[in-house]
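**Student:** This structure is in structure tokens; I'll ask about it shortly.
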Amino acid sequence: MADPVKKRRGRPAVHLDQADRQAAYRERQANAQALGEVARQALDRPTPAFLKRLIARALDQADDPEALRADLADHLKGLTTKLVP
């Protein structure tokens, strides 16, 4: 025998109006954009390890490594980590 209570199918019982849907969509888009901006800033900022490798390579290829080392140390003196070997 069939169930006397009809089972609900399709859309949920709670229907949001169009303004609520648009507001929720805009909020999700803004959150995604903010997370993307944070990720882009993290990728654009070079890491100390990358800078160390770059400086070491530049010192290996320089004609006068001591002069380059002194110049780099002068320019990078504001950094907290010691990058110039």
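Position in the sequence shown (first residue = 1) + 341 = the working numbering.
A virtual CB, placed ideally from N, CA and C, is assigned to each residue, including glycine.
I'd like the span of the alpha helix (DSSP H) that includes Ala-403, first residue to last.
**Tutor:** The count along the sequence shown starts at 1 and reaches residue 403 at position 62. Run containing Ala-403: none; DSSP gives neither H nor E here.
**Student:** Quick check on DSSP: helix, strand or coil for Leu-395?
**Tutor:** As a working mapping, residue 395 is identified with position 54 in the sequence shown. Looking at Leu-395 - three-state DSSP - the assignment turns out to be helix.
**Student:** Leaving aside the five residues before and after Leu-409 along the sequence, list all residues of the same chain whose C-beta is less than 8 Å from its C-beta, in chain order.
**Tutor:** As a position in the sequence shown, residue 409 is number 68, starting the count at 1. Cβ within range, chain order: Ala-399, Leu-400, Ala-403.
**Student:** Please state whether DSSP places Leu-376 in a helix, a strand or coil.
**Tutor:** Indexing the sequence shown from 1 puts residue 376 at position 35. Reduced to three states, the DSSP call for Leu-376 is helix.
**Student:** Between Ala-364 and Lys-393, what straight-line distance do the alpha-carbon atoms span, to the nearest angstrom?
**Tutor:** By 1-based counting over the sequence shown, the position of residue 364 is 23. By 1-based counting over the sequence shown, the position of residue 393 is 52. C-alpha separation (whole angstroms): 47 Å.
**Student:** My output table needs one value for Asp-385: the three-state DSSP class, helix, strand or coil.
**Tutor:** What you label residue 385 is simply residue 44 of the sequence shown in a count that begins at 1. Helix, per DSSP.
**Student:** What distance in whole Å lies between the Cβ atoms of Leu-413 and Ile-396, which are believed to be in contact at a cut-off of 8 Å?
**Tutor:** Taking the first residue of the sequence shown as 1, we reach residue 396 at position 55. Taking the first residue of the sequence shown as 1, we reach residue 413 at position 72. So it is a contact: roughly 6 Å between Cβ atoms.
**Student:** Work out the CA separation of Asp-405 and Lys-418 for me, nearest whole Å.
**Tutor:** Start at 1 with the first residue of the sequence shown, and residue 418 comes out as number 77. Start at 1 with the first residue of the sequence shown, and residue 405 comes out as number 64. Going by the C-alpha atoms only, they are around 20 Å apart.
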